[in-house]
Amino acid sequence: MASKKIKVLVVDDSSLFREMIINHLSSQPGFEIVGYAINAYDAKHKIPILKPDVLTLDVEMPGLNGIEFLKQLLPENPIPVILVSSLNLSVFDALSAGAVDFVRKPDMSAANSKQIFFSSLTTKLRGASMAKVRVPKQAASPASLNTHHLSSGVQPQNNTMQSQSPVKPMPFPPLSRNVLDSTIIGIGASTGGTEATLAVLQKLPANIPGIVITQHMPEGFTEMYAQRLNRICSMEVREAQNGDIIRPGLALIAAGGKQMEVVRSGRDYRVQCHPGPKVSGHCPSVDVLFSSIAKNVAINKVGIIMTGMGRDGADGLLEMRQKGAFTIGQDKESCIVYGMPMVAYNIGAVCTQASCDNIPSVLMNHLKK
């Protein structure tokens, strides 16, 4: 018996991109294009009729933009959404509003750009069809939806993008200087990880051991993501540069398109960032980061694997645990996609599982010991 096809609705005001996406997905096994929409109002009308399993959504559209559309759509219809976006900060607002993941629009003049775009889109749509949709607490409730705006095409007054503001970290007792200087924390995440990693970091204090993070994300977006986290979190967060020293109070995020490893440099630990082939299907790869921590870090190690498709990071986390690291896996209930943490747990790489909300407490309790 043939498996059920994934029904896709393509939402984009550009006829060029609509045609590109529709033509590609129509040629891929397992997909059925149930229709397209030229803007958010058109999509809102067609969704109840076409009943798609997943949407592709352009963020920047005339009238009701993708972010406000998500805030109104998801409380009523929790459909997985993959964003199709240019290099723009608005993608993070859309992820915060409940989108599952995003792909970067191709550079039509660059070699292989379209091929990379199509490959990424296909993979992420397959994963999104199995994802658990997160409806943010700040999203509009169905009762508060202004149906006149949606049906008439009139733009709501308050449609500005809402960037998250800094929040106070949880009131953890301060860590000793010895713990701060003798521990390195590695975090790996993929689908759903931009918001999950943020949820963990913003609860942690500024006086935290050095953190290194690999989040599957295209080149260009990692720098903007780091800047966003730096505005919200207590510790300093920035995109890693080759040779950066890992130190307390600093979180370094692997740059898109580069592998990041932790190496010993005299009395310090630094990151090596370099272009390289994909490992476990990704560049940057969580396995590369975790494996380097296992092999090169002689001080205390903590590994945290979070929501994401596939198995990247599972083998590296197992290496870390076998070298004495304390390892945490995000639990099934709080994952957008329980893939990477599930594989890690099943192969024995995880010491303990915890929800996204509880990972900061589990981590801090371990560090206090």
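Heads up, the sequence shown is in the working numbering, so the first residue is 988 and it goes up one at a time. We treat Cβ as the ideally placed atom computed from N, Cα and C, and that holds for glycine.
Contact set for residue i: own chain, Cβ-Cβ below 8 angstroms, skip 5 residues either direction
i, result
"tyrosine 1023", "Leu996, Val997, Val998, Asp999, Arg1005 and Ile1009"
"valine 1337", "Ile1292, Leu1304, Arg1308, Thr1314, Ile1315, Gly1316, Pro1328 and Ala1331"
"isoleucine 1069", "Val1041, Leu1042, Thr1043, Leu1044, Ala1086, Val1087, Asp1088, Phe1089, Val1090, Leu1108, Lys1111, Leu1112 and Ala1115"
"lysine 1092", "Phe1004, Val1071, Ser1072, Ser1073 and Phe1104"
Whole-Å CB distance - residue i paired with residue j, under 8 angstroms assumed
i, j, result
"methionine 1427", "valine 1324", "In this structure the chain extends from 988 to 1356, so residue 1427 is not present and cannot be described."
"leucine 1044", "glycine 1053", "5 angstroms"
"glycine 1197", "arginine 1234", "5 angstroms"
"proline 1065", "valine 1120", "4 angstroms"
"valine 1090", "alanine 1115", "No, valine 1090 and alanine 1115 are not in contact; Cβ-Cβ is about 11 angstroms, not under 8 angstroms."
"lysine 1190", "proline 1347", "4 angstroms"
Short Cβ contact (8 angstroms threshold) for residue i with residue j
i, j, result
"serine 1221", "proline 1192", "yes"
"glycine 1175", "isoleucine 1292", "yes"
"leucine 1272", "glutamine 1246", "The sequence given here has serine at residue 1272, not leucine. Going by C-beta atoms, serine 1272 is nearer than 8 angstroms to glutamine 1246."
"asparagine 1026", "methionine 1007", "no"
"glutamate 1206", "glycine 1243", "yes"
"alanine 1183", "glutamine 1340", "no"
"alanine 1281", "glutamate 1306", "yes"
"leucine 1276", "valine 1199", "yes"
"aspartate 1231", "serine 1267", "no"
"isoleucine 993", "phenylalanine 1018", "yes"
"leucine 1082", "threonine 1201", "no"
"cysteine 1322", "threonine 1294", "yes"
"isoleucine 1219", "leucine 1167", "no"
"methionine 1296", "serine 1100", "no"
"valine 1250", "serine 1278", "no"
"asparagine 1283", "cysteine 1260", "no"
"glycine 1253", "lysine 1288", "no"
Opposing strand residues paired with residue i [DSSP bridges]
i, result
"alanine 1238", "Ile1198 and Val1224"
"arginine 1218", "Its beta-bridge partners do not exist; DSSP assigns none."
"arginine 1257", "Ile1232 and Val1250"
"valine 1090", "Val1071"
"threonine 1170", "Asn1287"
"aspartate 1080", "DSSP lists no partner for aspartate 1080."
"glycine 1022", "Leu996"
"valine 1041", "Val995"
"alanine 1341", "Gln1317"
"histidine 1269", "Val1266"
7 angstroms Cβ shell around residue i - same chain, five flanking residues per side excluded
i, result
"alanine 1126", "Any reading at alanine 1126 must be qualified, since the residue scores a pLDDT of 43, below 50, and its modelled position is unreliable; no value is offered."
"serine 1150", "Because the pLDDT of serine 1150 is 46, which lies under 50, any placement of that residue in the model is unreliable, and the number read from its coordinates should be weighed accordingly. The residues are Asp1080."
"asparagine 1194", "Pro1161, Leu1162, Leu1167, Pro1235 and Gly1236"
"methionine 1204", "Tyr1212 and Gly1243"
"glutamine 1015", "Thr1109"
Residues of its chain near residue i, where Cβ-Cβ distance is below 6 angstroms and the 5 sequence neighbours each way are ignored
i, result
"valine 1224", "Ala1213, Leu1216, Asn1217 and Ala1238"
"phenylalanine 1056", "Ala1027"
"proline 1067", "Val1041, Val1087, Ala1115, Ala1118 and Val1120"
"serine 1072", "Val1046, Val1078 and Phe1089"
Below-8 angstroms beta-carbon distance, residue i vs any chain B residue
i, result
"tyrosine 1325", "Among the chains in the structure shown there is no chain B, since it carries only a single protein chain."
Say whether the segment 1024-1034 touches the segment 1072-1085, bearing in mind that this needs 3 or more beta-carbon pairs closer than 8 angstroms, one atom from each stretch. Too few Cβ pairs lie closer than 8 angstroms, so no.
Contact between the segment 1158-1172 and the segment 1206-1221: three or more CB pairs below 8 angstroms? no
Taking three-plus beta-carbon pairs below 8 angstroms as touching, is the segment 1347-1356 in contact with the segment 1322-1336? Because the criterion of three Cβ pairs below 8 angstroms is not met, the segment 1347-1356 and the segment 1322-1336 do not touch.
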